[in-house]
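The structure under discussion appears below in the form of structure tokens.
Number of protein chains: 4
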Amino acid sequence: MQAPQDTKPRWERRKDARPQELLAAALEQFVERGYAATRLEDVAKRAGVSKGTLYLYFANKEELFKAVVRDNIVATIGEAEQDAATFDGPSAELLGALLMKWWQEICATPLGGITKLMLAEGNNFPELAQFYNDEVVARGSSLFTRVLTRGIARGEFRPVDPVVMTQVLIAPVIMLMMWTHAFMPTCGMPQIPPQEFMDVFIATTLRGLQADTP
Amino acid sequence: MQAPQDTKPRWERRKDARPQELLAAALEQFVERGYAATRLEDVAKRAGVSKGTLYLYFANKEELFKAVVRDNIVATIGEAEQDAATFDGPSAELLGALLMKWWQEICATPLGGITKLMLAEGNNFPELAQFYNDEVVARGSSLFTRVLTRGIARGEFRPVDPVVMTQVLIAPVIMLMMWTHAFMPTCGMPQIPPQEFMDVFIATTLRGLQADTP
Amino acid sequence: MQAPQDTKPRWERRKDARPQELLAAALEQFVERGYAATRLEDVAKRAGVSKGTLYLYFANKEELFKAVVRDNIVATIGEAEQDAATFDGPSAELLGALLMKWWQEICATPLGGITKLMLAEGNNFPELAQFYNDEVVARGSSLFTRVLTRGIARGEFRPVDPVVMTQVLIAPVIMLMMWTHAFMPTCGMPQIPPQEFMDVFIATTLRGLQADTP
Amino acid sequence: MQAPQDTKPRWERRKDARPQELLAAALEQFVERGYAATRLEDVAKRAGVSKGTLYLYFANKEELFKAVVRDNIVATIGEAEQDAATFDGPSAELLGALLMKWWQEICATPLGGITKLMLAEGNNFPELAQFYNDEVVARGSSLFTRVLTRGIARGEFRPVDPVVMTQVLIAPVIMLMMWTHAFMPTCGMPQIPPQEFMDVFIATTLRGLQADTP
DNA sequence: AATGAATGAGTGTTCATTCAT
DNA sequence: AATGAATGAACACTCATTCAT
Chain A
1 MQAPQDTKPR
11 WERRKDARPQ
21 ELLAAALEQF
31 VERGYAATRL
41 EDVAKRAGVS
51 KGTLYLYFAN
61 KEELFKAVVR
71 DNIVATIGEA
81 EQDAATFDGP
91 SAELLGALLM
101 KWWQEICATP
111 LGGITKLMLA
121 EGNNFPELAQ
131 FYNDEVVARG
141 SSLFTRVLTR
151 GIARGEFRPV
161 DPVVMTQVLI
171 APVIMLMMWT
181 HAFMPTCGMP
191 QIPPQEFMDV
201 FIATTLRGLQ
211 ADTP
Chain B
1 MQAPQDTKPR
11 WERRKDARPQ
21 ELLAAALEQF
31 VERGYAATRL
41 EDVAKRAGVS
51 KGTLYLYFAN
61 KEELFKAVVR
71 DNIVATIGEA
81 EQDAATFDGP
91 SAELLGALLM
101 KWWQEICATP
111 LGGITKLMLA
121 EGNNFPELAQ
131 FYNDEVVARG
141 SSLFTRVLTR
151 GIARGEFRPV
161 DPVVMTQVLI
171 APVIMLMMWT
181 HAFMPTCGMP
191 QIPPQEFMDV
201 FIATTLRGLQ
211 ADTP
Chain C
1 MQAPQDTKPR
11 WERRKDARPQ
21 ELLAAALEQF
31 VERGYAATRL
41 EDVAKRAGVS
51 KGTLYLYFAN
61 KEELFKAVVR
71 DNIVATIGEA
81 EQDAATFDGP
91 SAELLGALLM
101 KWWQEICATP
111 LGGITKLMLA
121 EGNNFPELAQ
131 FYNDEVVARG
141 SSLFTRVLTR
151 GIARGEFRPV
161 DPVVMTQVLI
171 APVIMLMMWT
181 HAFMPTCGMP
191 QIPPQEFMDV
201 FIATTLRGLQ
211 ADTP
Chain D
1 MQAPQDTKPR
11 WERRKDARPQ
21 ELLAAALEQF
31 VERGYAATRL
41 EDVAKRAGVS
51 KGTLYLYFAN
61 KEELFKAVVR
71 DNIVATIGEA
81 EQDAATFDGP
91 SAELLGALLM
101 KWWQEICATP
111 LGGITKLMLA
121 EGNNFPELAQ
131 FYNDEVVARG
141 SSLFTRVLTR
151 GIARGEFRPV
161 DPVVMTQVLI
171 APVIMLMMWT
181 HAFMPTCGMP
191 QIPPQEFMDV
201 FIATTLRGLQ
211 ADTP
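Residue numbers (the UniProt record's numbering), protein chains in the order written: chain A, 1 to 214; chain B, 1 to 214; chain C, 1 to 214; chain D, 1 to 214.
Structure follows, in structure tokens:
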């Protein structure tokens with residue numbers, strides 16, 4: 001028996017990988033330097049190609065950025081939406097899993113830098129802000145809102161306003177992410193141990209949401 | 001007795017006011033657009049002078065930014081250091097006053113935007129980061145540390161590690177500021193009422209610091 | 001008695017002259033190379049300034065081109081409109097004068113190259129085409145149409161359709177201009193003597209327009 | 001008797017057709033956008049091949065353009081030269097046929113756009129201008145000159161200077177072509193009916209050339 | 001023969017900085 | 001002190017051309 005073989009010629013395999021290589025390079029560069037300060041030539045160099053090659057795959061800087069967001073953050077949101085749609089167990093468990101997934105797959109990775117970037121530069125690039133708000137903020141929020149609504153409907157959660165509660169859920173995670181990511185290395189801030197924070201936060205919140213059982 | 005009078009002719013007073021006008025314009029522009037995206041021409045226009053005039057007072061963009069920080073944040077820290085040095089009463093009172101002063105005079109004003117800016121863009125301008133760390137973060141932190149040490153020495157506070165405790169004091173305030181300032185308008189986050197937050201935070205913390213009185 | 005003196009400092013006189021110098025350089029360059037092939041750096045060099053200086057006076061390439069057209073062709077049309085509005089004599093005389101002015105001040109000068117350019121590249125730059133059509137073609141045409149209408153109303157001209165007749169008037173002049181201007185030097189075409197052509201053309205046309213006198 | 005058959009397999013015929021397909025695509029693109037603005041990628045796409053394939057058949061953009069001219073205009077001139085060389089009848093008939101052929105096979109087809117293009121952009125591409133002048137202008141002119149000379153020698157035409165007369169013959173046709181082709185759609189010029197124009201032009205000219213018959 | 005990925009020189013545009021007046 | 005004209009380095013984006021497959 002053989003290991004599965006890629007029968008394509010080498011350059012074709014290379015071609016298929018290119019967009020991913022470019023997106024990875026772009027992510028790093030955007031996170032390191034911010035949107036405006038990222039030079040496409042540096043992204044290209046980082047991916048080991050020339051400036052022109054970038055334009056074979058992405059129409060311009062803005063589309064490159066959007067592709068980075070889509071390929072990483074939006075994709076993860078999509079998975080989470082799947083998880084939520086097919087999940088059958090208690091809402092508290094689902095909510096906890098979603099929060100932890102968000103933390104582990106986005107906030108705790110370099111992707112967290114994208115959120116920082118949007119906070120910092122969003123004002124200067126309204127179209128990007130719009131895109132990010134539509135594809136990430138709105139979709140992510142409404143996912144949490146739906147889970148809360150489900151829990152309330154099933155009598156698992158107390159009858160809070162699910163929209164407001166969504167914000168209450170989101171806020172500490174973003175805070176923690178800013179804390180973990182953004183603070184300047186020089187800043188000498190204390191390291192909050194993120195995993196513990198998340199554990200405590202989730203446990204506390206779920207307990208607070210729990211409906212009274214007579 | 002007379003109120004102190006400015007005996008200078010008007011144009012000279014004007015001249016003396018120039019740097020202040022420029023610094024005010026620069027602050028607004030930096031806060032609105034970030035450091036990199038701020039165009040000196042816009043700062044000049046906002047102050048009602050020409051671009052060249054800016055360079056009569058500030059050697060370059062970086063020095064302008066530093067001057068904004070010095071003239072506002074560093075100055076406030078200086079005052080606070082004075083307050084602390086001459087204060088004679090209980091350490092808890094001093095600590096509460098310092099925290100509240102920090103909140104009210106920096107975090108709750110446009111100056112809070114400078115902190116956001118440093119978090120967001122500091123990495124791209126290492127010299128600015130260094131400056132900000134030395135002049136603001138380090139000095140501010142050490143002020144709190146000194147007050148904590150004083151309180152412990154005087155038996156008012158429990159014998160915590162004053163350096164770590166400093167971070168614990170600072171973190172929530174910065175969090176609140178980020179919350180108040182930075183989050184994208186689109187983000188739809190709930191408004192935390194800052195004054196209440198600060199009151200509760202200060203009360204709780206001081207109570208937690210209080211040494212046991214036998 | 002003294003010659004009128006310019007009391008401004010030299011650099012200010014320079015500044016006032018700059019736009020004209022740039023427009024002149026741009027006209028030459030556009031006529032020589034066409035719109036797309038004209039490099040702004042070459043325009044700048046030709047005017048003896050740097051590329052950046054161009055942008056102090058004109059927002060971009062397109063605006064530079066429009067300014068060239070306005071400053072030359074549109075201005076001349078404006079004069080002609082004035083002439084026509086204030087003219088009191090026979091319509092035939094006015095019409096002849098307008099045609100000749102058009103020939104002498106536009107077609108026979110480098111400005112004719114602009115028309116050639118629009119014919120050649122207009123398709124590729126729809127916004128420029130629109131502008132040129134509105135500001136030059138439409139205004140110029142309607143001027144001739146008005147004069148024809150005036151002549152007909154006053155019983156000087158036969159009752160032709162003035163709009164169609166306008167085209168008949170315009171066509172030969174544009175033809176002559178293309179002939180004079182555009183033909184490649186190498187092309188070895190015969191030199192039509194333009195002045196004679198215009199004289200004969202105007203004389204013939206006016207005679208053809210003349211109303212029958214009983 | 002059989003019609004000549006192409007015995008090659010289909011893919012080979014395809015291969016043979018390639019250059020023609022490319023030339024056709026190039027002609028359309030050049031006429032639509034002009035020489036400089038034509039992107040080889042668009043030509044390739046139009047021909048349904050890849051950009052690289054273009055370079056298998058034509059060394060570069062310039063050679064592609066020359067090939068378009070050769071394959072169309074020069075070829076037609078060649079035919080006309082043949083016609084003229086073998087023609088035995090009256091010179092007036094030959095001359096009329098040549099003029100009409102020129103009109104119908106070049107000026108009235110998209111090929112007319114090539115002439116427009118050379119007029120408009122020739123200056124920017126001296127090598128192309130040289131080529132066009134040698135292969136098209138000179139050869140075409142000298143063909144007419146030879147026919148005129150023949151007619152004069154045979155006593156059919158009046159003894160005009162054949163070189164000058166050649167230009168007189170050429171000018172109106174080029175004019176008509178410019179009129180038909182190049183003028184901006186927006187320009188609202190009246191449509192000259194080309195066939196009538198040519199008929200009248202040829203009839204008039206031949207009559208004018210006719211030698212007096214005693 | 002055919003592909004299409006890759007290149008890099010070239011151009012329009014921006015903006016911190018300088019300097020003659 | 002103040003001006004604002006001038007500069008030029010920097011960057012996003014395009015496209016003719018090359019070449020490994």
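Cβ coordinates follow ideal geometry from the N, Cα and C atoms, glycine included.
These figures come from a predicted structure and were not determined experimentally.
Alpha carbon to alpha carbon, how far is residue j from residue i? Give it in angstroms, no decimals.
{"i": "ALA129 (chain D)", "j": "GLU121 (chain D)", "result": "9 angstroms"}
{"i": "LEU206 (chain C)", "j": "VAL49 (chain C)", "result": "49 angstroms"}
{"i": "ASP42 (chain A)", "j": "GLU63 (chain C)", "result": "33 angstroms"}
{"i": "ILE152 (chain A)", "j": "ILE73 (chain A)", "result": "28 angstroms"}
{"i": "ALA75 (chain B)", "j": "GLU32 (chain B)", "result": "22 angstroms"}
{"i": "LEU176 (chain B)", "j": "PRO194 (chain B)", "result": "7 angstroms"}
{"i": "TYR35 (chain D)", "j": "ASP134 (chain D)", "result": "19 angstroms"}
{"i": "GLU28 (chain B)", "j": "ILE114 (chain A)", "result": "25 angstroms"}
{"i": "ALA138 (chain A)", "j": "ILE106 (chain C)", "result": "60 angstroms"}
{"i": "ILE77 (chain A)", "j": "GLY140 (chain B)", "result": "40 angstroms"}
{"i": "VAL69 (chain A)", "j": "ALA37 (chain B)", "result": "22 angstroms"}
{"i": "GLU127 (chain B)", "j": "SER91 (chain A)", "result": "49 angstroms"}
{"i": "ARG39 (chain D)", "j": "LEU40 (chain A)", "result": "24 angstroms"}
{"i": "ASN123 (chain D)", "j": "ASN124 (chain C)", "result": "18 angstroms"}
{"i": "PHE58 (chain C)", "j": "ALA17 (chain A)", "result": "44 angstroms"}
{"i": "GLN20 (chain D)", "j": "VAL136 (chain D)", "result": "20 angstroms"}
{"i": "THR166 (chain D)", "j": "TRP103 (chain D)", "result": "15 angstroms"}
{"i": "GLU93 (chain B)", "j": "GLU196 (chain A)", "result": "32 angstroms"}
{"i": "PRO110 (chain B)", "j": "ALA84 (chain B)", "result": "25 angstroms"}
Taking the beta carbon of residue i as the centre, do at least 16 other beta carbons fall within 10 Å, making it buried, or is it exposed?
{"i": "THR86 (chain C)", "result": "exposed"}
{"i": "VAL164 (chain C)", "result": "exposed"}
{"i": "residue 215 (chain B)", "result": "With chain B running from 1 to 214 in the structure shown, residue 215 (chain B) is simply not present."}
{"i": "LEU56 (chain C)", "result": "exposed"}
{"i": "GLY89 (chain A)", "result": "exposed"}
{"i": "GLY112 (chain B)", "result": "buried"}
{"i": "THR204 (chain A)", "result": "exposed"}
{"i": "ALA26 (chain A)", "result": "buried"}
{"i": "PRO159 (chain D)", "result": "exposed"}
{"i": "THR53 (chain C)", "result": "exposed"}
{"i": "ALA47 (chain B)", "result": "buried"}
Determine, using beta carbons only, whether residue i and residue j come nearer to each other than 9 angstroms.
{"i": "PHE157 (chain B)", "j": "ALA211 (chain B)", "result": "yes"}
{"i": "LEU117 (chain D)", "j": "PHE30 (chain D)", "result": "yes"}
{"i": "LEU99 (chain B)", "j": "VAL173 (chain B)", "result": "yes"}
{"i": "LEU95 (chain D)", "j": "VAL147 (chain D)", "result": "yes"}
{"i": "MET178 (chain C)", "j": "MET198 (chain D)", "result": "no"}
{"i": "THR149 (chain B)", "j": "PRO162 (chain B)", "result": "yes"}
Since residue i and residue j should fall inside the 8 angstroms C-beta cutoff, what is the C-beta to C-beta distance between them, to a whole number of angstroms?
{"i": "ASP71 (chain B)", "j": "LEU143 (chain B)", "result": "19 angstroms between Cβ atoms; not a contact."}
{"i": "LYS61 (chain C)", "j": "ALA80 (chain C)", "result": "At roughly 28 angstroms, the Cβ-Cβ gap does not stay under 8 angstroms, so LYS61 (chain C) and ALA80 (chain C) are not in contact."}
{"i": "LYS45 (chain D)", "j": "PHE131 (chain D)", "result": "Wrong, their Cβ atoms sit about 26 angstroms apart, outside the cutoff."}
For this session: Quick one: which residues of the stretch 110 to 122 of chain A get their C-beta closer than 9 angstroms to a C-beta of chain B? List them in chain order.
Result: LYS116, LEU117, MET118, LEU119, ALA120, GLU121, GLY122
For this session: Report the residues of the UniProt domain "HTH tetR-type" (16 to 76) of chain A with a CB closer than 8 angstroms to any CB of chain B, ordered along the chain.
Result: GLU32, ARG33, GLY34, ALA36, ALA37
For this session: Using a Cβ-Cβ cut-off of less than 9 angstroms, give me the residues of the stretch 165 to 178 of chain B that come near chain A, in sequence order.
Result: THR166, GLN167, VAL168, ILE170, ALA171, ILE174, MET175, MET178
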